[in-house]
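The structure appears below as structure tokens.
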Amino acid sequence: MSNRRFLDSYGKSCPKWIPVACCCLLHLSGLDGLFLTRRPWHMRSYPGVWVPPGGHCEAKEPIQDTAFRELTEELGLHSYGKENVMNECTIKPLCAWEASYPSRLDTGIGKSTIFPKSHHMVIYYSVNWFRSSTSVLDSDDIHSYLPQFNLEVNEVCAAVWLPRPVLNKLSDDWKAFEKHFQNQSTISNSEYLYPELSTMPSTFQIDNDQTEVWYWGVNSLDWQSVPVNQLICGLTSSRNPTVSHNTRPESEVGNGPSPVTLGTLYAISHWLSSTSARSTV
């Protein structure tokens with residue numbers, strides 16, 4: 001094998017292999033939507049943003065085992081019995097995303113030079129949970145069908161269930177953002193060049209969407225109905241603390257909105273396409 005060293009942008013040695021992580025897009029049979037979780041503000045990477053449950057692979061651990069372990073740990077599904085949940089779930093690979101942090105958005109619009117500090121290959125899985133212990137869903141009673149969570153507070157500070165119409169708007173926001181960058185020369189001399197916020201695609205659809213969604217915080221005893229724009233903002237929204245440098249909420253479960261990560265939006269778009277307009281059953 002070659003002894004050649006691999007160097008990062010600062011000239012320091014870095015691993016030859018890109019670390020692998022995984023995330024689970026969890027959906028319930030009978031419900032046309034997905035669960036996302038919010039990362040606590042104390043996290044070193046991607047603080048305060050919305051992502052699916054997931055994490056890094058342990059040594060010699062198969063990636064699919066990692067996905068299921070992280071899903072049950074972060075959401076606190078142990079009360080349902082790990083074996084029971086595993087038997088009731090089907091898990092399939094959905095897509096992959098090469099993630100870096102800070103990303104082209106995470107350092108703020110208008111800045112000229114960033115270098116990623118971490119780099120991962122993220123495998124996204126589609127996980128369908130058929131809850132055999134729950135009666136057939138009444139479309140007017142979604143709340144009673146949602147599982148009770150016991151969130152892992154060191155990894156997750158909130159969870160939300162988003163219906164397909166909201167997911168479609170998030171996907172549209174992602175597509176507009178991606179198209180904008182594809183139409184520009186964004187990299188020059190190994191530097192990321194950012195346009196001003198005013199030149200970026202509008203996030204009006206997301207920032208003004210008052211669709212009621214189901215929210216679960218770390219201290220919650222039940223699901224709460226909350227307007228989605230109190231929880232989630234568009235990628236380039238002036239309400240996005242990443243790009244506007246707003247003060248972080250004092251509470252880990254503060255209702256100040258944050259964006260969904262780029263990789264998650266990419267995976268959501270794939271999930272929407274793979275499930276078409278039908279309900280997931």
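Going by UniProt numbering, the sequence shown opens with residue 1, and the numbers climb by one from there. For each residue, glycine too, the CB sits at the ideal point set by N, CA and C.
Around the C-beta of residue i, are 16 or more other C-beta atoms found within 10 angstroms, so that it is buried, or is it exposed?
i, result
"E98", "exposed"
"S251", "Its pLDDT being 45, under 50, S251 is placed unreliably in this model, and the value from its coordinates should be taken loosely. Under this definition S251 is an exposed residue."
"K179", "exposed"
"T211", "exposed"
"P147", "buried"
"T90", "exposed"
"F177", "buried"
"R38", "buried"
"L221", "exposed"
"D209", "buried"
"N87", "exposed"
"E61", "exposed"
Between which two residues does the alpha helix (DSSP H) containing residue i stretch?
i, result
"S225", "From DSSP, S225 is part of no alpha helix (DSSP H) but of the beta strand (DSSP E) over Q224 to P227."
"T275", "L262 to T275"
"Y145", "I142 to Y145"
"F204", "F204 to D207"
Where residue i and residue j are concerned, what is the direct C-alpha to C-alpha distance, given to the nearest angstrom?
i, j, result
"C57", "L36", "20 Å"
"S269", "D140", "26 Å"
"N219", "S274", "34 Å"
"C24", "S237", "26 Å"
"I63", "I123", "8 Å"
"V253", "G48", "In this prediction, V253 has a pLDDT of 43, which is less than 50 and means its spatial position is unreliable; what the coordinates show is noted afterwards. Going from the Cα of V253 to the Cα of G48 covers about 9 Å."
"W161", "V260", "13 Å"
"F204", "F68", "35 Å"
"H143", "W214", "8 Å"
"E73", "H42", "19 Å"
"L167", "V228", "11 Å"
"W17", "A59", "13 Å"
"Y101", "C22", "16 Å"
Considering residue i, what are the terminal residues of the beta strand (DSSP E) in which it resides?
i, result
"E155", "Taken as a continuous stretch (DSSP letters only), E155 belongs to no beta strand (DSSP E), as it is neither H nor E."
"F35", "G33 to R38"
"A59", "Premise fails: A59 is in no beta strand (DSSP E) and is neither H nor E."
"I123", "S118 to W129"
"Y215", "E212 to G217"
"C233", "Unbroken run through C233: none, as it is neither H nor E."
"H42", "Premise fails: H42 is in no beta strand (DSSP E) and is neither H nor E."
* Is the number of C-beta pairs between the segment 81-89 and the segment 153-173 that are closer than 8 Å three or more? -> no
* **4-residue-minimum alpha helix (DSSP H) runs that sit fully inside the segment 70-108, ordered along the chain** => 82-88
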